[in-house]
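Numbering (my numbering), first residue to last: 19 to 236.
Right, here's the structure in full:
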């Protein structure tokens, strides 16, 4: 799943145990951070690790399929939908069912209603970004706040398949140094924008917006 070696025309599907190891570390870090376990103050970095893992697996999967003439953009999105939609629906139904009984104020309920509409469209990160500010609600008053990560990921994969296809076909059906140069350029631009736009004072574009997170996937 992680791609293929030079001269190897067979797509690799072997199990990558180190990926699950990284996932376990990321999960422990995120859970420790949100449950305020001492020593996990930087555990939110686990989300960044998930983005890196996602880019490593999915981009290499697309690359391998293109090189083996097996890639279909419709099949790609069908697989993404079947992988993500069922657990997303289960989570949303559970949260929708519980929310009326636990939301403490009309303001919190209104904020939840807006995020509840946008979360299934993988656009909640944009909503949470524009809601940031002095009068914003606390994170523990937003039951669907965690959906921003899924939104960022799926927005990235709305763009990347078409971009990889263009690079591949303009490169005469191969990925070489031009593809690497484009990847490095995009990563550097995204990273530089993230550094420039990171703030703890007002809205934080580097935290919520896909284009400033793209370097992690790349």
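Beta carbons are placed, not taken as given, at the ideal position from N, Cα and C, and that holds for glycine. Computed from a predicted structure; not experimentally measured.
Quick one: residues in its chain with C-beta nearer than 7 Å to the C-beta of residue 47, no 5 flanking neighbours on either side, listed in chain order?
-> For the purposes of this step, residue 47 is taken as the residue at position 29 of the chain shown. Once the five neighbours on either side are set aside, the close Cβ partners of residue 47 are 58, 61, 63 and 64.
So is residue 33 buried or exposed if we call it buried at 16+ other beta carbons inside 10 Å?
-> Position 15 of the chain shown, counted from the first residue, corresponds to residue 33. Looking at its Cβ environment, which holds fewer than 16 other Cβ atoms inside 10 Å, residue 33 is exposed.
Output the residue ranges of the alpha helix (DSSP H) runs that lie fully inside the segment 112–147 and measure 4 residues or longer, sorted by chain position.
-> Runs found: 124–136.
Classification of residue 82 by the beta-carbon crowding that lies within 10 angstroms, buried from 16 upward = Stepping through the chain shown from its first residue, residue 82 is reached at position 64. So residue 82 ends up on the buried side.
Sorted by chain position, which residues of the same chain lie with C-beta nearer than 7 Å to residue 41's C-beta, five sequence neighbours on each side aside?
-> Position 23 of the chain shown, counting from 1, holds the residue named residue 41. If we look at residue 41 and ignore the five residues flanking it on each side, its Cβ neighbours are 71.
Cβ contact check for the segment 179–188 and the segment 88–106: 3 or more pairs under 8 Å = The segment 179–188 is in contact with the segment 88–106.
Skipping 5 residues on each side, what residues in its chain have a beta carbon closer than 8 Å to that of residue 204?
-> In the chain shown, residue 204 corresponds to position 186, counting from 1. The beta carbon of residue 204 is closer than 8 Å to those of 232, 233 and 236 in its chain, skipping five residues each way along the sequence.
First and last residue of the alpha helix (DSSP H) that includes residue 87?
-> If you number the chain shown from 1, residue 87 lands on position 69. Note, residue 87: premise wrong, no alpha helix (DSSP H); not H, not E.
Is residue 60 near the ligand GTP, in the sense that its beta carbon is under 7 Å from a heavy atom of that ligand?
-> This structure lacks the ligand GTP; in fact it carries no ligand of any kind.
Can you grab the Cα-Cα spacing for the pair residue 143 / residue 105, in whole Å?
-> For the purposes of this step, residue 143 is identified with residue 125 of the chain shown, where counting begins at 1. For the purposes of this step, residue 105 is identified with residue 87 of the chain shown, where counting begins at 1. Each residue's alpha carbon lies about 19 Å from the other.
DSSP three-state call for residue 152: helix, strand or coil?
-> As a first step, residue 152 must be located in the chain shown, where it is residue number 134. Note: residue 152 maps to coil in three-state DSSP.
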